[in-house]
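Here's the structure we're looking at; comments come further down.
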Amino acid sequence: MHQFGLLAGVVASIEYLAALDESARGSRRERLAVSMQSADAYLNRVFDYLMVSLRSLPLVMLIGRPEAQIPVVSFAVHKVPADRVVQRLADNGILAIANTGSRVLDVLGVNDVGGAVTVGLAHYSTMAEVDQLVRALASLG
Numbered sequence: 005m006h007q008f009g010l011l012a013g014v015v016a017s018i019e020y021l022a023a024l025d026e027s028a029r030g031s032r033r034e035r036l037a038v039s040m041q042s043a044d045a046y047l048n049r050v051f052d053y054l055m056v057s058l059r060s061l062p063l064v065m066l067i068g069r070p071e072a073q074i075p076v077v078s079f080a081v082h083k084v085p086a087d088r089v090v091q092r093l094a095d096n097g098i099l100a101i102a103n104t105g106s107r108v109l110d111v112l113g114v115n116d117v118g119g120a121v122t123v124g125l126a127h128y129s130t131m132a133e134v135d136q137l138v139r140a141l142a143s144l145g
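Numbering (my numbering), first residue to last: 5 to 145.
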């Protein structure tokens, strides 16, 4: 059986990605390359802003070396269990994941302080959303 719907979705997804940078011209492949480079540069700027913003919060401890990874960061908030942090973020319209029970987090001592919270960025994330995250985290202290 042919999966025409699936194929149409793939084409539509590629067209969407190729159109992320309105200044991109040329073939779909060329527009896709330019758009992906632009999205990457934008995402790096937003992620750098996120890192600076999180580091400005004295109660937030970053976990690992986020700069060497994808635009996802895990952190713990001093004396606030991850589940409570995630709920506060959800109450403010921010999706986050509580990570507990991991051997890596055990070794790092993160589970001793209530676990880690993980947030990620996408090409449509904004600086305003980072500010919203930081305000929600600051309200925990």
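A virtual CB, placed ideally from N, CA and C, is assigned to each residue, including glycine. Since this is a predicted model, take the numbers as computed values, not measurements.
Quick check for students: name the residue ranges of the alpha helix (DSSP H) that lie wholly in the stretch 60-118, counting only runs of 4 or more. Unbroken alpha helix (DSSP H) stretches of 4 residues or longer found wholly inside the stretch 60-118: 86-95 and 107-112, given in chain order.
Measuring CB to CB, does V121 end up less than 7 Å from V84? Locating residue 121 in the sequence shown gives position 117, counting from the first residue. Locating residue 84 in the sequence shown gives position 80, counting from the first residue. In this structure, V84 does not lie closer than 7 Å to V121 by Cβ.
Quick check: the stretch 106-113 against the stretch 19-30, are there 3 or more CB pairs under 8 Å? no
Quick check on DSSP: helix, strand or coil for A132? Residue mapping note: residue 132 aligns to position 128 of the sequence shown, counting from 1. Helix.
Determine contact between the stretch 30-49 and the stretch 109-118, defined as no fewer than three beta-carbon pairs at a distance below 8 Å. no
Are the CB atoms of L21 and P75 within a distance shorter than 7 Å? As a position in the sequence shown, residue 75 is number 71, starting the count at 1. As a position in the sequence shown, residue 21 is number 17, starting the count at 1. Result no, Cβ atoms of P75 and L21 do not sit closer than 7 Å.
Just the Cα atoms here: how many angstroms apart are H127 and A12? Taking the sequence shown and counting its residues from 1, the one referred to as residue 127 is at position 123. Taking the sequence shown and counting its residues from 1, the one referred to as residue 12 is at position 8. Separation of H127 and A12 (C-alpha to C-alpha, rounded to the nearest whole angstrom) is 22 Å.
Could you give the first and the last residue of the continuous alpha helix (DSSP H) run that contains G9? What you label residue 9 is simply residue 5 of the sequence shown in a count that begins at 1. F8 to A22 is the span of the alpha helix (DSSP H), which, as asked, contains G9.
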